[in-house]
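Residue numbers (our numbering): 3 to 397. Have a look at the structure below before the remarks.
This is how it looks when you write it as structure tokens:
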């Protein structure tokens with residue numbers, strides 16, 4: 003039976019709300035997904051600035067926190083209403099919300115007086131704002147949100163959560179594929195060919211690879227003195243030359259050496275990390291284009307290094323999605339670092355690269371409504387498969 007579902011997400015780049023209206027049928031291996039329409043709805047600039055400040059550790063009073071949570075829910079609801087214009091009515095919304103804090107299990111973060119990682123059994127914590135109950139009331143549509151909490155409670159990272167959807171929609175009978183999302187943070191799903199021995203003996207793999215666009219966007223804003231927020235097509239970075247000495251130095255960072263399951267966010271790869279990178283770059287007399295080229299190379303090289311370290315074999319194809327898939331210079335550098343693989347986009351495999359994450363959360367909501375577990379323990383590190391998301395009915 004077909005069902006129309008809306009998926010909503012704003013990622014770590016905080017560009018705005020990606021909304022996708024999809025037609026769904028089937029369950030898992032027989033899942034059928036048709037994207038009816040997708041759009042991105044930018045945040046009001048004041049709201050975006052506040053979100054970015056909170057992501058970087060700005061303190062909030064509880065009244066201000068409540069107000070921010072409500073403001074995000076309202077713009078998510080507006081996106082859900084807008085995406086339905088002229089389309090079939092949706093029966094369900096899956097809202098990832100806006101991540102403002104993510105601490106993986108066992109991680110200690112700068113500013114903690116006593117690292118909580120002293121206890122090996124420590125659970126992670128992840129906070130996404132945008133109240134599902136309010137979205138449900140404003141749209142009149144049953145809404146499912148808070149997808150990460152159940153996986154984290156089961157000992158998982160709470161991320162990446164899109165891997166089981168990748169398995170259903172992007173597995174190939176012959177090619178070993180990596181589905182590489184490049185938002186503010188990068189994440190990958192390794193999909194062995196369906197008809198291969200690896201598929202029979204090894205689990206699906208996935209993890210956050212490290213920085214995607216986050217450091218690049220921060221650097222562009224800084225180097226352009228606030229005139230630009232991102233490097234369109236990577237044109238500015240393409241004018242520079244990467245400093246490989248710096249790239250190799252940065253790749254020694256602990257996160258890149260840590261084996262999966264693992265996840266990260268702006269808490270690590272944010273303003274403070276950029277400051278350290280710029281301080282390192284000062285010793286090499288780099289012009290702005292060189293700095294951007296070097297940060298781009300870090301994203302590309304960290305992806306390639308993680309594949310080499312943690313995959314059972316080199317993929318045949320790398321399918322890019324997310325905002326970074328439009329950065330032509332970044333795509334070229336990924337291809338250069340993965341010369342044995344063919345670098346494509348998920349569009350070329352039949353799945354929209356701009357709205358793939360929003361589509362995934364529509365699917366996760368659909369599965370939750372059907373009583374189907376939505377996590378992959380082998381990817382997140384959870385102890386078991388669990389139902390993901392809190393259901394908010396419309397009274």
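Don't be surprised by glycine CBs; every beta carbon is placed ideally from N, CA and C.
In the DSSP annotation of this structure, residue 250 is not part of any beta strand (DSSP E); the continuous alpha helix (DSSP H) holding it starts and ends at 246-252.
Beta bridge pairing from DSSP links residue 20 with 11 and 42. When the five nearest sequence neighbours on each side are left out, the beta carbons in the same chain lying within less than 6 Å of the beta carbon of residue 381 are those of 165 and 208, in order along the chain. Residue pairing for residue 147: DSSP places it in a beta bridge opposite 392. Shown here, residue 167 sits in a helix according to DSSP, grouped into three states. Of the candidates 188, 187, 178 and 185, 178 places its Cα closest to the Cα of residue 197. A straight line joining the alpha-carbon of residue 131 with that of residue 148 spans about 9 Å. Closest in C-alpha terms to residue 221, from the list 205, 211 and 238, comes 238.
With respect to the C-alpha of residue 360, the residue from 76, 95 and 243 having the closest C-alpha is 95. If you draw a straight line from the Cα of residue 283 to the Cα of residue 26, it comes to about 49 Å.
Looking at 153, 191, 295 and 203, the one whose alpha-carbon comes closest to that of residue 218 is 295. For residue 271, the secondary structure class from DSSP, reduced to helix, strand or coil, is coil. Around residue 170, the same chain offers 30, 31 and 33 as residues with beta carbons nearer than 7 Å, after the five sequence neighbours per side are excluded. When C-beta atoms of the segment 315-322 are compared with those of the segment 253-269, fewer than three pairs fall below 8 Å, so the two segments do not count as touching. A Cβ-Cβ contact shorter than 8 Å links residue 347 with residue 327. The C-alpha of residue 74 lies about 31 Å from the C-alpha of residue 332.
In this structure, DSSP gives residue 328 a helical state, which the three-state scheme calls helix. If you ignore the 5 residues before and after residue 345, its C-beta comes within less than 7 Å of the C-beta of 320, 322, 333, 336 and 337, all in its own chain and listed in chain order.
The continuous alpha helix (DSSP H) containing residue 379 extends over residues 379-382.
Under DSSP, the beta-bridge partners assigned to residue 96 are 9 and 146.
Taking a C-beta distance under 8 Å as the contact criterion, residue 394 and residue 134 qualify as a contact pair.
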